[in-house]
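**Q**
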């Protein structure tokens with residue numbers, strides 16, 4: 017199984033970014049991949 021980590025800045029970007037991440041996560045999981053989502057707390061944290 018392939019594993020991916022998405023690092024997300026919850027304060028950046030447009031509202032459509034969350035929907036795009038959900039769609040990407042769905043496609044990866046359907047393809048058999050594992051996706052972990054980490055939310056950054058600051059610029060230095062990412």
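In my numbering, the protein residues as written are 17 to 62. Even glycine gets a Cβ: it sits at the ideal position worked out from N, Cα and C.
1) Following the continuous beta strand (DSSP E) through residue 51, name the residue where it begins and the one where it ends.
2) Among all the DSSP beta bridges, which residues are the ones paired with residue 23?
3) Could you check what DSSP says for residue 33 in three-state terms: helix, strand or coil?
4) Once the 5 residues before and after residue 52 are set aside, which same chain residues still bring their CB inside 8 angstroms of it?
**A** Looking at the coordinates:
1) The sequence position of residue 51 within the chain shown is 35, counting from 1. Per DSSP, residue 51 belongs to the beta strand (DSSP E) from 50-55.
2) Position 7 of the chain shown, counted from the start, is the residue given in the question as residue 23. According to DSSP, residue 23 bridges with 54.
3) As a first step, residue 33 must be located in the chain shown, where it is residue number 17. In the structure shown, residue 33 sits in a helix (DSSP, three-state: H, G or I).
4) Numbered from its first residue, the chain shown carries residue 52 at position 36. Closer than 8 angstroms at Cβ, skipping near neighbours: 19, 20, 21 and 22.
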